[in-house]
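As structure tokens, the structure follows; a few thoughts come after it.
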Amino acid sequence: MFQSLRLFLVVAIGLGLMTLISASDLRMPGNDRGYSPEQPIAFSHRLHAGELKMDCLFCHYGARKSRHAGIPPVELCLNCHLHVKANLDDIFLEKAAAEAEGREERPLLSSEIEKIYQAAGINADGEPLEGQLAESIPWVRIHRLPDHVYFDHRVHVAGGVACQSCHGPVQAMERARQEHSLSMGWCMDCHRQTKRSTLPGDGASNDPGATNPSVDCAVCHY
Amino acid sequence: MKNIQRDAQVKSSRKADALPENPSDLNPSIARVLDEIEEGKSSSRRSFLRLAGFSFAATAGACSRGKPQTALPLVQTAPEMIPGRAYWVATTSMACGAGCGALVRCRDGRPVKLEGNPGHPVSQGGLCPACQASLLGLYDSKRLQGARGPEGPLSEELLDLQLRDLFQNLRSSGKIRFLTGTVNSPSTLSQIQACLEQCSDGRHVMYDGISRSAILEAHQMTHGVRGLPRYRLDRAEVLVSFGADFLSTWVSPVEFAKQYARARRPEGSRSKLLRHWQFEANLSLSGGNADVRTRIAPWEENAALTYLSDRLAGQERSNPGLPALLIERLDQLLKELSAAKGAALVISDSNEVRQQLLVNQINQHLNGYGRTLDVSRPSLQWQGSDRDLHQLRQELENGGVDLLIVQGCNPVYDLPDWEEALKKAGHIVYLSRHEDETSPLATWLVSESHDLERWDDHQPVEGVYSFSQPLLPGLFAGRSLRHCLASWRGAAAEDVELLKKFWREKIYPTENAGEAFEAWFDRNLQRGVYAAKGIEPAGKKEFQRVELPAPDSETELSEGKLQLVLYSNPAMQDGRHAHNPWLHELPDPVTKVCWDNYLSLAPETASKLRLETGDRVRVEGEIGSFEIPVLVQVGLHPQIAAVALGYGRKGTDRFADIGPEWMQSKPTVAAGGQVGQSVSSWIAWKNQQRRFSAHEVSLVKLGGSHKLACTQDHHRMELPPHLAPKGGEVRDVVRVLPLAEVQGQTEQEHGSKHHVYKDLWPDDHPYEGKRWGMAVDLNACTGCSSCVIACQVENNVPVVGKDEVLRHREMSWIRIDRYFEGEGDQLQSHHQPVMCQHCSKAPCETVCPVLATTHSEEGLNQQVYNRCVGTRYCANNCPYKVRRFNWFDYPREDQLQNLSLNPDVTVRSRGVMEKCTLCVQRIQDAKAEARRNGRPLEDGEIQMACQQSCPSQAIVFGDLNDPESLISKFRNNSRSYDLLEELDIQPGVHYLAKVRKQEDRGDHHRG
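One line per chain: the protein sequences are A and B, in this order.
Going by my numbering, 103 is the number at position 103 of the first sequence; the sequence numbering is gapless.
Going by my numbering, 982 is the number at position 982 of the second sequence; the sequence numbering is gapless.
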């Protein structure tokens, strides 16, 4: 009698804890799913990748050639943002206001885009600011693998793995967020289940002998 | 500094760009590291507090994400600067003076590895240990920072101002002298020349720490050319070396090793393999590799060379009092030389002009000039003149020198008796990288830039130019001599402009390039080398017979005395690498001792004097005495005692704390002490030349002993004697085959020669795709140890310090086992590089309780650091003893040194096992590149670090499943065998047996 009550209690507490863990925001150590820190600039992936349909690799061009996808240099942002200086809605509003008041349109510079100019050490007209050096924007890193893992973006990009497979629907994220656990089990799932020949853009010409991604330790750990 | 910060893309933390001793600071930028060093902030208290803070934070936030990590992107980019992607820059390495071409691998704006440039006509790929290790010198926080004047630190502008004034005042009336090491940079020489032209009394004196002056003097006399001939070992059938260690230290070792190995490959197209005769007193690396090695006392060399020369001239000579064996060997040699006229070469490292004149005569008799050695396009690698040096000393002593500009040498260390003379110079300007023996004498001390952070050009051989380029902005405001001189003589310009101006005005017009200068220059710069087409050889230089000077070395040794022989080893050389811990921990290729120099004695001499290895002795001679430990070394002449130069350098007490600190640890150097013992005061002057074996000494045994860290009996593959069967265990580790057996046989059927028992383990490795394998050709391997340093740099192998080496805990992933065969005048040495053999049935894999070491689909034995719990079962079960355990964390000296780490390889932490991975990071990188470009991997595309650096191309790597690959051809070679193949563990690394060109000399033993 006592025995079965104890068993019942253990099972009940166990089940309760499991429910709590799965329902709440509690995670196993090292699992950073959902991590979405505030960034120094309120950059919107939804706008750039979703609405404007910019290719991920346009900014994260490192992913094609290097193990790191990289964060674009300020220089690259400025290619567009020397011309695009404010939200389109604000520009229309200003235009309407100027027409209504019968005055010249005032140049607009959004406070977020201004931060790019500051980092580049230039003023709104693109001229270098006296005494201000260019500085890196201190983005907060989201996707982080443990130190003993070497992940290589270029093989995955070349193999046709969509960025979203690992990073989630970034084109829908206002602020970037870690979508998957990036744990070894999660990587292995994909490596075990994917047949390389089924991946788009990775035809037989690349590596005819191999059929699915390697699951050797030394592929990532060295 | 700002620039570097911009270029430094911060990646994930504790990989290679990490700070093992400072885990809380997860985002180091180079600039911050530098700032801390400059401000002297990295005190131990501070590190302790940080560490304490980190542990507290780590405990408190165990399940949360921890401190947010910033990722700083570049502000501006260059096309080659993609974070995480390596790029290569061609440059020239001057660490050993030979001027070999190097390709530098850079990651994120900083150099991380030097490799040989296969397109360089001198070195043709391959790089010596010292040049590879010079990378660490770049990240040395003890380098001089900025300039110092008579009244303390000076800014660059102020220094230039003061020296411009001084130069202005002295140039019409004063005596200005330049004292430098060999300068073969044409643009620097042109600046020196421009200075001298402005002076009424100026002169440039060059000298080398290890002098080759007599060779130059002799060629001046016989050929009218002051230069080292360019030696062509590959054109010779018989090579005779009198003491010259051309495979490790003499003149241009990488070039020679390449030629030597090519001329001795039995599979090559040569009808006759190169036969190598060595006559020497000390046992050198080259001597051990020789087919016939004969011991000769230094005082017998004159007579031996005269005998050879006279006999070759057709004169009959009786034995001039030489030992019977020596004369017998000389007679035998004479027969071979006469049969190989036009294809024979004699070299000598003697610094006595008479001996070098004899060598020239012999080479002339043998029709060598124009064939096996070339004076029409001489080598400019060593141009030091002892005669000029001697003259400068007279001038200094007379007090006549007003300004002495010293660069590229360390005169107080190299020439200790010069100190008083140097003090008589009016002013000394000294360009140096460290505070050293000479720097206290300098009126102005200028920090010299490292080879990897400056523009330069070099001319190692006449008509062959190679370039150096800065790979990162100067870390310590270092400057080049060229830049300084231009500023001081009032023609200041940017260093690169000075270089380009010289090239535009002096070299470009001779070329008729048909393209604009900038394009032409950039193209050559990119290749790293330019072979002049415009310059014709300066006509054929004819041999002129000259009267031989009388011999000036002793003809005999006094009773009971020993001759002191000074030599240099490839690590320290003349002492210039004393600040490099990688080179200190590199075992000497012959004696396998590291972290010390010692007095080598032949076993018969040692037993007569009742001395053993490790005994301390006082060496007494005419000029004084010094104390040093003894090493008993086979193969030495019984009447000599040999000591390596280049040790006992000021500043080496910095290594006192190197290695882990724990209860029983002992310092590598006693506080305030030095690594080894300086013996440069025992270099003698005779006839205005420096002599490196001139003193008679006697030994007095002192009490106490000094432990020498010798790695030779570490990681043995044999059973210890008390466990071995009676008579010792015989394991056929190094195989030597007679030439006759090898020739005619090209391929062999593979299979073990030993009886193979039924296997316990299933054959479950199908290797369907690739099967990586390696082959080491023992016939090509000279034991030069380039691979050891290459592996250390590539794989972040730590330095552990002398005490840990004594405990058999050195961490090198590749070791070179040295075996001696025969003794005395029959001695031969065999060198066998041993790394993880990547066995198909690996004994280590079966015993790991946590599956931290497993077998990959492609035949690699993988070690997973994050799974390893450190039981060390695997190391115990490894028959090759190639696994290394991290007994401690081995922090680099400081944060700046962390920048030398390879970001593609994990820095292992305490408590895990590690070993050779077959450079899996290179395999992965090459595979990724191939996949990115949509093409299959090509054979030879992946090169191991050890393979790339090997001057003699003894190491081959590739896919054993590809029958057309080079590795398969090596595998099917009749010389191929597996190490310990009786164990049937099917290693993926194979060895090619050495080929004996001599009659069999019996068993070999490791000793």
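Ideal Cβ positions, reconstructed from N, Cα and C, are used throughout, including at glycine.
task: Step through the CB atoms of chain B and report whether any lies within less than 8 Å of the CB of residue 60/A.
output: no
message: Does the structure place the segment 134-141 of chain B close enough to the segment 415-427 of chain B that three or more beta carbon pairs sit under 8 Å?
response: no
message: Closest to residue 573/B by C-alpha separation, out of 147/B, 857/B, 144/B, 680/B, would be which residue?
response: 680/B
- request: For residue 551/B, collect the residues of the same chain with a Cβ closer than 7 Å to its Cβ; drop the 5 residues on either side in sequence, then sort them by chain order.
  value: 302, 354
task: Give the DSSP-derived three-state secondary structure of residue 835/B in the structure shown.
output: coil
task: Could you name the residues of the same chain whose beta carbon sits closer than 7 Å to that of residue 49/B, not counting the 5 residues immediately before and after it, in chain order?
output: With a pLDDT of only 39 at residue 49/B, under 50, the local geometry of the prediction cannot be trusted, and the value read off the model is given with reservation. Result list for residue 49/B: empty, nothing under 7 Å.
query: Grouping DSSP H, G and I as helix and E and B as strand, with all else coil, what is residue 1062/B?
result: No answer is possible for residue 1062/B: it lies beyond the span of chain B, which begins at 1 and ends at 1007.
- request: Would you list the one or two residues that DSSP bridges to residue 959/B?
  value: 772/B
- request: Express the C-alpha separation of residue 287/B and residue 240/B in angstroms, rounding to a whole number.
  value: 10 Å
field: For residue 68/A, the nearest candidate out of 164/A, 219/A, 9/A, 153/A (CA to CA)
entry: 153/A
task: Please state whether DSSP places residue 268/B in a helix, a strand or coil.
output: coil
message: Comparing C-alpha positions only, which one of 366/B, 882/B, 865/B sits nearest to residue 911/B?
response: 865/B
- prompt: Identify the residues that DSSP records as bridge partners of residue 278/B: which are they?
  reply: 241/B, 293/B
- prompt: CB of residue 819/B to nearest heavy atom of the ligand FMN: below 7 Å?
  reply: Looking at this structure, you won't find the ligand FMN or any other ligand, since it has none at all.
query: Beta carbon of residue 82/A, beta carbon of residue 121/A: below 8 Å?
result: Contact: no.
- request: Answer with yes or no whether the minimum CB distance from residue 137/A to chain B is below 8 Å.
  value: yes
query: So, is the C-beta of residue 127/B closer than 8 Å to a C-beta in chain A?
result: no
message: Among 182/A, 51/A, 10/A, 56/A, whose alpha-carbon lies nearest the alpha-carbon of residue 34/A?
response: 182/A
field: Within 8 Å of chain B by C-beta, residues of the segment 170-198 of chain A in sequence order
entry: none
query: residue 493/B and residue 776/B look like a contact to me (Cβ under 8 Å); what is the Cβ gap, rounded to whole Å?
result: The Cβ separation is near 50 Å, so there is no contact.
- request: With DSSP as the reference, please indicate the residues paired to residue 139/A in a beta bridge.
  value: Residue 139/A is bridged to 71/B.
task: Figure out for me which residue from 317/B, 229/B, 296/B has the closest Cα to the Cα of residue 370/B.
output: 229/B
task: Please name the residue or residues paired with residue 627/B in a DSSP beta bridge.
output: 618/B
field: Any chain B beta carbon closer than 8 Å to residue 68/A
entry: yes
query: Does any CB atom of chain A fall closer than 8 Å to the CB of residue 21/B?
result: Residue confidence for residue 21/B is low, a pLDDT of 36 falling below 50, so the modelled location carries little weight; the figure read from the coordinates is stated next. Chain A, which has no Cβ nearer than 8 Å to the Cβ of residue 21/B, makes this no.
field: Any C-beta of chain B under 8 Å from that of residue 46/A
entry: no
Integer Cβ distance of residue 194/A from residue 213/A, believed to fall under 8 Å: About 6 Å separates the two Cβ atoms, so the contact holds.
field: Neighbourhood of residue 610/B by C-beta distance below 8 Å, restricted to the same chain and skipping five residues each side
entry: 701
field: Closest Cα partner of residue 113/B within the set 652/B, 586/B, 963/B, 899/B
entry: 899/B
- prompt: If residue 379/B and residue 252/B are in contact, beta carbons under 8 Å, what's the gap, nearest whole angstrom?
  reply: 7 Å
Element boundaries [beta strand (DSSP E), containing residue 91/B]: 87-93
task: Scan the segment 285-349 of chain B and note each continuous beta strand (DSSP E) run of 3 residues or more that stays entirely inside, going in chain order.
output: 292-295, 344-348
query: Got a sec: is the Cβ-Cβ distance from residue 34/A to anything in chain B below 8 Å?
result: no
query: Quick one: what's residue 600/B bridged to in DSSP?
result: 631/B, 642/B
task: Verify the CB distance criterion: does residue 115/A have a CB-CB separation below 8 Å to chain B?
output: no
query: Quick one: what does DSSP say residue 531/B is sitting in, helix, strand or coil?
result: strand
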